[in-house]
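Each residue of the sequence shown is one higher than the one before, counting from 699 in our numbering.
The beta-carbon is built from N, C-alpha and C at its ideal position, and this holds for glycine as well.
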Amino acid sequence: MMKSNFMEKLLDGVEVEWEALGKVVDTITAPAKVKKESYREKGKIPIIDQGIQFIAGYTDENIKTVKDDEYVVFGDHSEHIKYVDFEFVQGADGLKILKPESDNVKYIYYAFVNYYQKELKYKRHWSSAKETLIPIPPLEVQEEIVRILDTFTELTAELTAELTARKKQYAYYRDKLLTFEEGEVEWKRLGEVANIKNGKDWKKLGTGDIPVYGSGGIMAHVDKFAYDKPTVLIPRKGSITNIFYVEVPIWNVDTIYYTEIDINQLIPKFFYYHMKTIDLMKLDTGSGRPSLTQAILNEIYIPIPSMEEQNRIVSILDKFETLTTSITEGLPREIKLRKKQYEYYRNMLLTFPEKEVDG
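Below is the structure:
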């Protein structure tokens, strides 16, 4: 009822036209493009491409830019939709830069996001995306809708910025807590405090509630476990920086190792946190796909402070980990809830009566 009353009051008898997106935007050709290998983490000019990141990188090259204005950009392959209101350089190919004819570009962006149906296939999508029908209410209605939706997106942006800051703070304290002066603690090779165990095929196992881990994370659930004690999972191939700590029974496939940890020397969670500080890409032995061998991993040096000190460090880092990564507590949960709230109101505010066809 609230939705119906709100929309009736907002529209108050005004007519809403429905138009194909391609009829209300012009396609802009960028004067120049930057190749992906030229992207930099810092620079004067932001790079916009069709990737999931809003700003893909930066450049200081003397290159012609897309002038400062309001645009809607669409990933022809990725189907990502972005609103850009600043000068930028196009990164790589596959980006459609759209200049809406409307006085309210942000409204066109919100409407496109709401009504476009992603195909989720690797192909060129603009030919069908431009046929997306979007409602065009009077300008004052567009402005009110944008005002409300901006409130939600700004709150999400603030929470995301806070989460980014907390993650940097967490990384700083983690590295500081796990840095020891020479002679302060004993150091041992990984092979002296843990046994690295290979994974096995899982496809012949029955369905159950035991998670199956690969280098990308959980792949399936089966009825048998390979190991049932706290362990640190270290990828063998693929995403070799994806280290996991688990306390439940698991099965691991051949792309990831599990570790039998000597708990008389090392608290498993402490071992996990230390492994997160190591740049495993520097240990990559693969000529194509990233790879780690047991021989190389066994030579990694692990600090062995007292059990009391290990517990103290784990307790501190657990608090940061909850705040920055938990989907049931902390900022990630809050961001997820705000995004759902935004999507609900976007759908509500952009639901208009379709034009009746005379019969």
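Asked: Which listed residue (E945, P966, S937, R1010) has its alpha carbon closest to that of D982; Found: S937
Asked: E759: CB within 6 Å of a non-hydrogen atom of the ligand NAP; Found: Only the bare structure without any ligand can be found here, which leaves the ligand NAP out of the picture.
Asked: Cβ shell of V891 (< 8 Å), same chain only, five flanking positions each side left out; Found: I959, D960, Q963, L964, F969, I1000, I1002
Asked: Ranges of the beta strand (DSSP E) found wholly within the region 789–858, counting only runs of at least 3; Found: 793–798, 831–834
Asked: Residue range of the beta strand (DSSP E) that includes L931; Found: 929–933
Asked: Alpha helix (DSSP H) segments (min. 4 residues) lying fully within the region 964–992; Found: 966–973
Asked: Length of the line joining the Cα atoms of R1044 and N812; Found: 7 Å
Asked: P909 and I941 closer than 7 Å at C-beta; Found: no
Asked: First and last residue of the uninterrupted alpha helix (DSSP H) at E1007; Found: 1005–1023
Asked: Burial state of P827, where buried means 16 or more other Cβ atoms lie within 10 Å; Found: Note on identity: in this sequence residue 827 is Ala, with Pro being the wrong assignment. When all chains shown are included, A827 counts as buried.
Asked: Residues sharing a beta bridge with E880, DSSP; Found: None; E880 has no bridge partner.
Asked: G749, DSSP secondary structure in three states; Found: coil
Asked: DSSP-derived helix/strand/coil call for I954; Found: strand
Asked: Bridge partners - R738, DSSP secondary structure assignment; Found: Y756
Asked: Meets three-Cβ-pair contact criterion under 8 Å: the region 732–745 and the region 791–799; Found: no
Asked: Cα-Cα separation, V839 to Y807; Found: 15 Å
Asked: Extent of the continuous beta strand (DSSP E) to which K895 belongs; Found: 892–895
Asked: K765 and A730 closer than 7 Å at C-beta; Found: no
Asked: Bridge partners - V944, DSSP secondary structure assignment; Found: T929
Asked: Spatial distance of L1035 from F850 (CA atoms); Found: 11 Å
Asked: Closest residue to E799 among E768, I779, A918 (Cα-Cα distance); Found: E768
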